[in-house]
Amino acid sequence: MTFKVVGHSVPKPDAIAKVTGAAQYTADLTPPVGCLHIALVRSPYPHARVTSIDTSAAERLPGVKAMMDYRNCPQNRFTTADGDVFETIPRDQVLFDSVVRYVGEPVLAIAATDPAVARAARDLVTVEYDQLPAVFDPVEAMDASSPLVLSESGSNLIVDLDFPEQGNVAQALQAADIVIEHRFRTGRQKHAQMETFSCVASVDSRGKLTVWSPTQVPGPLRVMIARWLAMPAGKVRIITPFIGGAFGGRLGFTGEQYVVAMAMHTKRPCRMEFDRTEDLLHMESRHPFVMDITLGAKKDGTITAMRATTYANAGPYVTCTVPVLATHGGCHFAPYNIPNVKFTGKVVRTNAPVAGPFRGYGAIQGHFAAEQMIDLVAEACGLDPADVRLRNTRREGDLSPFTLQPMAVSFGAEVINRGVQAMGWRDRHSRPKADGPWRYGSGMSFLVWISGVACIAGQHENSGAIMRMNLDGSFDLITGAIDIGTGAHTTLAQVAAEEIGVPLEMINVGANDTDVVPFDQGPRASRTLFVAGQAVRAAARAARERVLQRASTMLEAAPEDLEIQDAQVQVAGAPGRSVSLARVALTAIKEGDELITQAEAPQNNAESFGAQFVDVAVNVETGQIRLERVLAVHDIGRAINPTIVEGQIEGGLFQGIGFTLSEEMVVDPQTGSPMNLSFMDYKILTADDLPKFETILVEGGDGNGPFGAKGVGEIGLVPIPGAIANAVADAIGVRLFEAPLTPERVLRALQSRN
Amino acid sequence: MPTVNQVTVTVNGVEETRSVPTLRTLAEFLRSDLRLTGTHVACSQGICGNCTVFVDGEAVKSCLVLAVQADGCCVTTIEGLGSSDQLTPVQAAFIEHGAVQCGFCIPGMIMTATDFLAENPTPSEPEVRTALANNLCRCTGYNKIVEAVMSAASQDKEVKA
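Note that the protein sequences, when read in sequence, are chains F and W.
Under this note's numbering, residues 478 to 1231 are what the first sequence spells out, in order.
Under this note's numbering, residues 5 to 165 are what the second sequence spells out, in order.
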């Protein structure tokens, strides 16, 4: 089937504003008249009671207008995670508390007429603390002798996620030919999006609060603010300018709560902007995990049993740790048919920095471990790692690991086979193994992924779309879906354009303003195009039907005999009998019909398989790992915009490589202090560090998504750590069980081998 | 009371005179005093390159230059490079090759690429990667950015800094 708009790599309409510098991000907006600037005083200690606060020197600074701390802040509790909206997450935070529980926790806010004055005032505030014992490691924190992070709780174990056992793991392990058991650890990754946090909040003369923020979730954020401050929903409006990256870091209260509280308190517009140091300190991190895994297998490589326990380091507040750990558990070894499975997840409170949502959502940590375990089974059986995966992959007719329904089709074997061929995988050991200090190796990994969370363990999806026809024959696409740089607004417009039968330019995607757009859960879980796209397609189909119905009266022809082409509705085979879309709209409105349609996304899902392959070179003298070749093969259903799909996969690969090789927020084990709050030593990889990524997009399957498209936001990211770790083990003959694989850890592993 | 200085800078061909505190960076001056917000600040430490502009024809990180140091100089920002009606070859290539995702790093990336191609009109891919090594991007993984720069280079047009 050929499409006119879908399947084409059309340039993104918003790219022009971005390449000319015209695009406005939140910090680019001119602050409102009378705007105050907020600075936060933060705790230097991981656990302490605030015993006194002296603001007298700060108050004397000209321009300082207001202060807020635990004594005068709103007392209503909240959680920063936007699960707050659906009441699925305990509200265990308050704006400022008399006890601080992590290094950097805000203690006091200052509002001043100038950002420099606010920062100077911050340095003049004296806070005295009584330090309390602290714990930073999640396994240690579970011990009864460890200090309690929340004194009112009986234990640092917040939740024990006990998944029901499938089959009989103990029996299967007893009967297995091979049993392998290991512990893995993963590090604290930061979103490090290029645009640091910034937010403006202003209350107008009618008491309506408007918030400008680079949030991923304007709809949920509006609900959270209204509930927290006991305001009617109609009094809260969120406007989202261009967003400079998010990656899951902007899914709830990310600092807006301070700006909003101060705006309400001072009755003046307020603005807060973090520099990079403060952004790296404040933004919630990826959850560090400790993962214990036991696999049982037969000599022929069939995996018969899996038992896993994962400890998630939540930091002092629970945020989204339960869904992250549940996702991790549900995705653990998900591509494989394993009949006997037991997973337990421990959500643990510590005084380490707060963790939160991040692209990959627990599954990237899991895959780093799981895909290495698969390779260990291959080693023990003397089999090729690709063959072990082919032996165990879920195939057509097997149950989806997510919806638990039989899969009509599975691309599992295909993505592996395509990658094996393109990579020259079967010949990899005929290549040189060493050259001076360099050792060469190859590795692979395997993935099955979701498109949103509908139909998974009782979860649901929300996205509404409205199409409104204009008098020039164009259509406004009014969607709650947010474009954080992914190109979602472009691809959703492509879906609408294709469905109606108009060129892309005739679809207008407007501003992200909660006064206008329907509710949407925001970009996460690789959901936007899949979920919002179904709503868009349905609304567009309804719009097309209304247009044809109106035109059929005007042209005296049956709607099924009409086509839409080049902004005209014409009788098929009789091009002379046509009417412009503009004229259809004008005729309709003269009869009281503005041609507005609306649709909601249905509840459904789609499995997407992926296989990734890496060639590495490891320097045994320096511990450096160089990626020589990276290949990602992904089953994406249909590429609405192939360039955009590749861009998502490549961007995911890049962040996953960073997770594996260089990115770690180091927390001092004595003081709980984050040590590397700068791009100087929080190492983000550059163009020079990376090879050109190769991607193979596998289409097909006729799935639920618009034109068969599946979600792609996280598929590039999740498998790459396992592939790299496997390649490194192949290169140097020893395996690393802790990410990131820093040069130090590589050298230590080499030493332990020798 | 911080010392205030008068500076005169020609920005994108327009002479601007303002009073600035000594410690105001060129990046802050462009963004707040002149409301040219296309130049972005992402690290304030000269590492990410998002703030790259030209000062007297040289690509510099404007977060590491004081406004007073630019007194009497000619500065070009992303706004002065091209416009929506007339994109430069580099700008057009970035759009065509899907090199623009969130866009935050893009002005700095385009400034660096433009400056590089003026000196090296026929680079190899490794040379492009090295030239862009001081411009951090968090979205793209650099594949399509490098492709765009190679494509702009291969066009037979003069790329002006």
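All residues carry an ideal CB built from backbone N, CA and C; glycine is no exception.
Values in this document were obtained by computation on a predicted structure and should not be read as measured data.
Given a length threshold of 4 residues, each whole run of the alpha helix (DSSP H) inside the stretch 1168-1221 of chain F is given here in chain order: 1197-1209.
For F:H1111, the pairing in a beta bridge is given by DSSP as F:G1087 and F:L1174. According to the DSSP secondary-structure assignment, F:P878 is paired through a beta bridge with no residue. Within 7 Å of the CB of W:T134, the CB atoms of chain F belong to D1165, in sequence order along the chain. The contact set of F:Y502 on chain W, defined by CB atoms closer than 7 Å, consists of F108 in chain order. Taking the Cβ atoms as the reference, F:A588 lies roughly 6 Å from F:C747, within the contact range of under 8 Å. Residue range L513 to R519 is occupied by the beta strand (DSSP E) that includes F:L517, with no alpha helix (DSSP H) assigned at that position. Residue state for F:Y735 is assigned as helix, using DSSP reduced to three classes. Every unbroken stretch of the alpha helix (DSSP H) spanning 4 or more residues and falling wholly within the stretch 605-643 of chain F is given here in chain order: 615-618. The beta carbons of F:E672 and F:Y838 sit no closer together than 8 Å. If you look at F:H659, you'll find it in the beta strand (DSSP E) that goes I655 to R662. Around the Cβ of F:H906, a 10 Å sphere holds fewer than 16 other Cβ atoms; the residue is exposed.
With at least 16 other beta carbons inside 10 angstroms of its own, F:T956 counts as buried. F:A500 and W:V45 have their C-alpha atoms roughly 14 Å apart.
Counting along the chain, no beta strand (DSSP E) covers F:P816, and no H or E run does either. For F:S486, the residues of chain W that pass the 8 Å Cβ criterion are G102, in the order they occur in the chain. Rounded to whole angstroms, the gap between the alpha carbons of F:E605 and F:M545 is 16 Å. For the pair F:G726 and F:G833, the Cα-to-Cα distance works out to about 7 Å. Neighbourhood of F:I1121 in chain W, by CB distance below 7 Å: G102, in chain order.
If you look at F:S486, you'll find it isn't in any alpha helix (DSSP H); DSSP assigns it neither H nor E. At the C-beta level, F:A1204 and F:V1091 come within 8 Å of one another. W:C77 carries a coil assignment under DSSP once its states are collapsed to helix, strand and coil.
With the criterion set as a beta carbon lying under 9 Å from some beta carbon of chain F, the members of the stretch 139-158 of chain W are N139, L140, C141, R142, C143, T144, G145, Y146, N147, K148, I149, V150 and E151, in sequence order.
Under the 8 Å criterion on CB atoms, F:E1191 is classed as non-interfacial with respect to chain W. Annotation for F:T1120: the continuous alpha helix (DSSP H) segment containing it runs P1119 to L1138. Fully enclosed alpha helix (DSSP H) runs of no fewer than 4 residues occupy 753-759 and 798-808 of the stretch 742-815 of chain F, in order along the chain. Here F:P583 is buried: its Cβ has 16 or more other Cβ atoms, across all protein chains shown, within 10 Å. Distance from the Cα of W:V132 is smallest, within the candidate group W:I110, W:A157, W:T43 and W:Q10, for W:A157. At a C-beta separation below 8 Å, W:N54 has these neighbours in chain F: M671. Annotation: the continuous alpha helix (DSSP H) that includes F:A597 extends over P592 to L601. Rounded to whole angstroms, W:E151 and F:R1106 show a C-alpha spacing of 17 Å. Taking a cut-off of 8 Å for Cβ pairs, the stretch 929-948 of chain F and the stretch 1136-1148 of chain F do not touch, as fewer than three such pairs fall below it.
For F:W689, there is no enclosing alpha helix (DSSP H); the residue is found in the beta strand (DSSP E) stretching over L686 to W689. In the three-state scheme derived from DSSP, where H, G and I count as helix and E and B as strand, F:Q971 is classed as helix. Listed by position along chain F, the residues whose Cβ is nearer than 7 Å to that of W:C47 are R753 and F1156.
Residue-level contact check: W:T81 touches chain F, since one or more beta carbons of chain F fall below 8 Å from its beta carbon.
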